[in-house]
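Visitor: Questions regarding the structure given below will be posed in turn.
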């Protein structure tokens, strides 16, 4: 079947597309993607995200074996909360790379733009780590004590590697994902986890008073970044020459697209401290916080299934049939995670998981199950968030991604602050409900923004003709003629 989009009316706004690049247009217009191809692409990504959840427990367990576990954990927590604000924009570089890289020249432009962003982030981190600004931030703003500050500062200095490794990993993983060789990401993550396990055994003995947690995390991340670089250079096909769109790409265009995504990633980190601070004002704050932490950490295992949905969107969605197919896949994936969490909230199952496997006390188990009952809807909710965020990224409406994240943080914060005062006895369910409200607000903004975009008619609407600028936006590399 010929890969052609036939216009309904002959005018300057419609076009026909021939000679479609198979990398950027899957199976041609009107054809579905084999489900084996979708699963073969996505399952390694899901496994990678779930393995990543394991590394956080590895780091925490290592710090419990240091000379001063409580101080080490508090210092690590303070430093990582600041470090995440600088790492998050680098994580968004993968979206930028998947959106713009079409060949060797466009890759060079994306790499140059990433280097500019990285230089700014690392420069600010150096100032925060090696000047009196560190005391102003940690002691003055965050209010930590001198002993915890003494543990946080060395960790912060190690975390300078965080944005560097994250940027390198994001750019070169994008090349791997672009060619659908996602199994390499799982292999690299397995190596990272094994190395972090080994470091968690050795470092508390060799360096019991040092920044053990930060060192283990950076060792794992730097290893994964280096492996991504090696795989991109040695194990996948080299990039080809760019088409006309890639030849015209500039750093200014990429930066204008990337900055809203970077801001969105940084904003997203702000909600968690607000929720934690609010829950500390509830009835039995220690039990409430513990129950919320246990339930949310457990829910992340299933929520990890949705973390890479935007990659499926950017790689596979090119027309109306692929849009519908991937949306069905996303909904099925989200409901699967929600169903599993719902089953885990059944008293017999929940008591076994929290009380038996995790080993929480009975009072914490009760709070955790109440929290999990609300969090059960988050897999399907955030699957849709990732889907529509991916569609906005695909159609280069990155500003709306930022706006949706800002609405999420605002709705989450307002909800938890209001409910904490009105219903302090609800416990961890307050935090869970605020997360859900924030997610609903974000998906609503993302959907409305996509619904009002000119690309909506191409992917969803009844008109089969497509404006030429829409096809260029979504990465068509065929011949476009009026």
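Residue numbers (the working numbering): 667 to 1148.
In this text, a Cβ means the ideal position worked out from N, Cα and C, and glycines have one as well.
I need the boundaries of the alpha helix (DSSP H) containing residue 1122, first residue and last residue.
Guide: 1122-1125 is the span of the alpha helix (DSSP H), which, as asked, contains residue 1122.
Visitor: For residue 1224, tell me which candidate among 1066, 1023, 1104 and 891 has the shortest Cα-Cα distance.
Guide: Only positions 667 to 1148 of the chain appear in the structure, and residue 1224 is not among them; the question remains open.
Visitor: By the three-class DSSP mapping on this structure, what secondary structure does residue 1089 have?
Guide: Residue state, collapsed to three classes: coil.
Visitor: Starting from residue 846, trace the alpha helix (DSSP H) in both directions and tell me its first and last residue.
Guide: Here residue 846 belongs to no alpha helix (DSSP H), and DSSP marks it neither H nor E.
Visitor: Taking only three categories from DSSP, how would you classify residue 1063?
Guide: Coil.
Visitor: What's the C-alpha gap between residue 942 and residue 753?
Guide: Spanning the two alpha carbons is a distance of roughly 21 Å.
Visitor: Starting from the Cα of residue 907, find the closest Cα among 773, 1060 and 709 and give me that residue.
Guide: Comparing Cα positions, the closest option is 773.
Visitor: May I ask you to report which of helix, strand or coil DSSP gives residue 914?
Guide: Looking at residue 914 - three-state DSSP - the assignment turns out to be helix.
Visitor: Taking C-beta to C-beta, are residue 827 and residue 783 nearer than 8 Å?
Guide: Taking 8 Å as the Cβ cut-off, residue 827 and residue 783 do not qualify as a contacting pair.
Visitor: Suppose contacts are defined by Cβ-Cβ distances below 8 Å. Is residue 958 in contact with residue 1104 by that definition?
Guide: No, these two residues do not count as a Cβ contact at 8 Å.
Visitor: By alpha-carbon positions, which one of 980, 998 and 1070 ends up nearest to residue 1046?
Guide: Among 980, 998 and 1070, the Cα nearest to that of residue 1046 is on 998.
Visitor: Rank 979, 880, 1053 and 1023 by C-alpha distance to the C-alpha of residue 741 and give the top, closest one.
Guide: Closest by alpha carbon: 880.
Visitor: To which residues of the same chain is residue 937 closer than 6 Å at the C-beta, ignoring the five residues directly before and after it?
Guide: These residues qualify, in order along the chain: 1075 and 1078.
Visitor: Would you mind working out which of 857, 800, 798 and 781 sits nearest residue 836, comparing C-alpha positions?
Guide: Per the Cα distances, 781.
Visitor: Three or more C-beta pairs closer than 8 Å, one from the region 959-977 and one from the region 1048-1063: is that the case here?
Guide: Counting Cβ pairs under 8 Å, three or more are found: they touch.
Visitor: List the whole-angstrom C-beta distance separating residue 1021 from residue 1028, where the pair is believed to meet the contact cut-off of C-beta under 8 Å.
Guide: The pair is a contact, with the Cβ atoms about 7 Å apart (cut-off 8 Å).
Visitor: Note down the Cα distance separating residue 807 from residue 785, rounded to an integer number of angstroms.
Guide: In a straight line, the C-alpha of residue 807 is about 25 Å away from that of residue 785.
Visitor: What would DSSP say about residue 808, mapped onto helix, strand or coil?
Guide: If DSSP states are grouped into helix, strand and coil, residue 808 belongs with coil.
Visitor: Where does residue 949 sit, in a helix, a strand or coil, going by DSSP?
Guide: Here residue 949 sits in coil by DSSP.
Visitor: Nearest-angstrom Cα distance between residue 792 and residue 729?
Guide: When rounded, the distance between both Cα atoms is 25 Å.
Visitor: Check whether the Cβ atoms of residue 855 and residue 711 lie closer than 8 Å to each other.
Guide: Taking 8 Å as the Cβ cut-off, residue 855 and residue 711 do not qualify as a contacting pair.
Visitor: Kindly give me the distance between the Cβ atoms of residue 1034 and residue 1044, rounded to whole angstroms, as I take these residues to be in contact under 8 Å.
Guide: In fact, because the Cβ distance is near 15 Å, the residues do not count as touching under 8 Å.
Visitor: Report the CB separation of residue 946 from residue 955 in whole angstroms; it is logged as a contact under 8 Å.
Guide: Their Cβ separation, rounded to whole angstroms, is 6 Å, which keeps residue 946 and residue 955 in contact under 8 Å.
Visitor: Just to confirm, are residue 714 and residue 889 a CB contact at a threshold of 8 Å?
Guide: No.
Visitor: Once the 5 residues before and after residue 901 are set aside, which same chain residues still bring their CB inside 6 Å of it?
Guide: Here the set comprises nothing.
Visitor: Residue range of the alpha helix (DSSP H) that residue 761 falls in?
Guide: Residue 761 -> alpha helix (DSSP H) spans 759-766.
Visitor: Report buried or exposed for residue 952, applying the criterion of at least 16 other Cβ atoms within 10 angstroms of its Cβ.
Guide: Exposed, because fewer than 16 other Cβ atoms sit within 10 Å of the Cβ of residue 952.
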